[in-house]
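Residue 1 is where the sequence shown starts when you use the working numbering, and the numbers rise one by one after that. From the three backbone atoms N, C-alpha and C, an ideal C-beta is built for every residue, glycine too.
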Amino acid sequence: MRFRTVLTRAAAVGAAALLAVTALTACGGGDDTEAADNPYGLLQPGVIRAGTLTDAPPNVFLKDGEFTGFDNELLRAVAGKIGLKVEFVGTDFSALLAQVNSGKFDVGSSSITITEARKKTVDFGNGYDFGYFGLDVPAGSPITGFDQLAGKRVVVVQGTVQDDYATKENLDPVRVPDYNSAINQLKAGTADAWIAPAEIGDKSAADSKGKIKVAAKQLSPTPTAYAVAKGDDKLREALNKGLDEVIADGTWSRLQAEYYPGRPIPADFKPGSGSVAVPSPSAAS
1 MRFRTVLTRA AAVGAAALLA VTALTACGGG DDTEAADNPY GLLQPGVIRA
51 GTLTDAPPNV FLKDGEFTGF DNELLRAVAG KIGLKVEFVG TDFSALLAQV
101 NSGKFDVGSS SITITEARKK TVDFGNGYDF GYFGLDVPAG SPITGFDQLA
151 GKRVVVVQGT VQDDYATKEN LDPVRVPDYN SAINQLKAGT ADAWIAPAEI
201 GDKSAADSKG KIKVAAKQLS PTPTAYAVAK GDDKLREALN KGLDEVIADG
251 TWSRLQAEYY PGRPIPADFK PGSGSVAVPS PSAAS
């Protein structure tokens with residue numbers, strides 16, 4: 001009986017060990033399957049969750065309740081090239097980069113100009129657009145250039161590259177959370193000028209019924225790009241690949257013509273990796 005008991009206990013231990021090995025193998029297989037289904041570590045497999053703005057046309061904005069604009073439509077096209085969809089979520093620009101790096105969003109899409117300071121918070125893909133600074137002023141203002149802003153009440157959206165510019169120029173800017181707040185300050189006469197992304201400034205002036213005018217523009221020194229969390233190289237490289245593909249097939253040129261009609265492209269600006277030929281808008285249509 002004692003011999004039989006020892007054998008029974010040994011068999012039980014062996015069975016438990018076998019179950020443990022089987023369980024570990026199953027867990028390992030699950031991890032492999034999950035990685036295959038979600039190779040970029042997205043918040044939701046197959047879907048890029050993108051933080052964006054709601055009030056910055058023609059770059060990023062809401063139309064009939066849907067997110068659109070050059071940046072967002074380009075991201076949809078890029079995502080399609082790598083087999084992904086995009087879910088857009090509105091946020092404030094001042095919080096966007098931190099939200100991307102903390103994992104609230106997979107990507108930041110909002111005409112984000114690449115700067116050395118921002119590289120400390122997020123990583124950037126290849127540049128997909130260039131930009132100009134616009135100087136909007138109330139109708140009747142004597143201001144005609146950026147060199148006339150000293151001592152003036154200048155409004156900027158907090159955390160933008162325009163905020164950086166105004167700070168570096170010692171303009172002591174008034175910081176607001178979004179573009180509508182800046183526009184309202186100009187309309188109310190509580191600001192002398194607004195340094196804005198030029199395209200947004202142009203549209204805001206056109207929509208103001210004569211209350212706002214564009215006084216000047218100047219080229220921004222660095223391109224705009226999509227932002228991803230620090231170290232998220234797989235997603236960043238996939239976006240770069242998709243961007244080159246939508247440049248090559250004419251999508252980038254078509255969207256440029258659709259959202260920035262008549263805007264000249266600087267001769268030295270090369271979108272994406274710079275190694276892909278850019279079709280003309282007529283060839284892309």
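Check your understanding: For PHE70, which three-state DSSP category applies?
Key -> Here residue 70 is taken as the residue at index 70 of the sequence shown, counted from 1. If DSSP states are grouped into helix, strand and coil, PHE70 belongs with the helices.
Point to revise | Cross-strand partners of ILE48 (DSSP beta bridge) | key: Locating residue 48 in the sequence shown gives position 48, where the first residue counts as 1. Looking at the DSSP assignment, ILE48 forms a beta bridge with VAL86.
Exercise for review: Compare the Cα-Cα distances from GLU169 to each of GLN185, ALA150, SER181 and report the closest residue.
Suggested key: Residue numbering aside, residue 169 sits at position 169 when the sequence shown is read from its first letter. Per the Cα distances, ALA150.
Review point. From ARG254 to PRO58, what does the alpha carbon distance come to, in whole angstroms?
Key: Taking the first residue of the sequence shown as position 1, residue 254 is located at position 254. Taking the first residue of the sequence shown as position 1, residue 58 is located at position 58. Cα-Cα distance, rounded: 14 Å.
**Study point:** Inter-residue Cα distance where the pair is GLN256 and GLY46
**Key:** Position 256 of the sequence shown, counted from the start, is the residue given in the question as residue 256. Position 46 of the sequence shown, counted from the start, is the residue given in the question as residue 46. If you take the alpha carbons of GLN256 and GLY46, they lie about 27 Å apart.
Review point. In whole angstroms, what separates the C-alpha of ALA182 from that of TYR132?
Key: Here residue 182 is taken as the residue at index 182 of the sequence shown, counted from 1. Here residue 132 is taken as the residue at index 132 of the sequence shown, counted from 1. For ALA182 and TYR132, the distance between alpha carbons rounds to 17 Å.
Practice item. With a 10 Å radius around its C-beta and 16 neighbouring C-beta atoms as the bar for buried, classify VAL137 as buried or exposed. Key: Walking along the sequence shown from the start, residue 137 turns up at place 137. It is buried - the Cβ of VAL137 has at least 16 other Cβ atoms within 10 Å.
Point to revise | Through-space distance from GLY140 to ARG49, alpha-carbon basis | key: On the sequence shown, position 49 is the one that residue 49 refers to. On the sequence shown, position 140 is the one that residue 140 refers to. Taking the straight line joining both Cα atoms gives about 43 Å.
Practice item. Could you check the C-alpha separation between THR115 and SER208 for me, to the nearest Å? Key: The count along the sequence shown starts at 1 and reaches residue 115 at position 115. The count along the sequence shown starts at 1 and reaches residue 208 at position 208. Going from the Cα of THR115 to the Cα of SER208 covers about 31 Å.
Review point. In whole angstroms, what separates the C-alpha of THR222 from that of ALA77?
Key: The residue you call residue 222 lines up with position 222 of the sequence shown. The residue you call residue 77 lines up with position 77 of the sequence shown. Going from the Cα of THR222 to the Cα of ALA77 covers about 23 Å.
Point to revise | TYR259 - DSSP class collapsed to helix/strand/coil | key: Residue 259 sits at position 259 when you count from the first residue of the sequence shown. Correct three-state label for TYR259: helix.
Exercise for review: Tell me whether LEU219 sits in a helix, a strand or coil according to DSSP, three-state version.
Suggested key: In the sequence shown, residue 219 corresponds to position 219, counting from 1. In the structure shown, LEU219 sits in a strand (DSSP, three-state: E or B).
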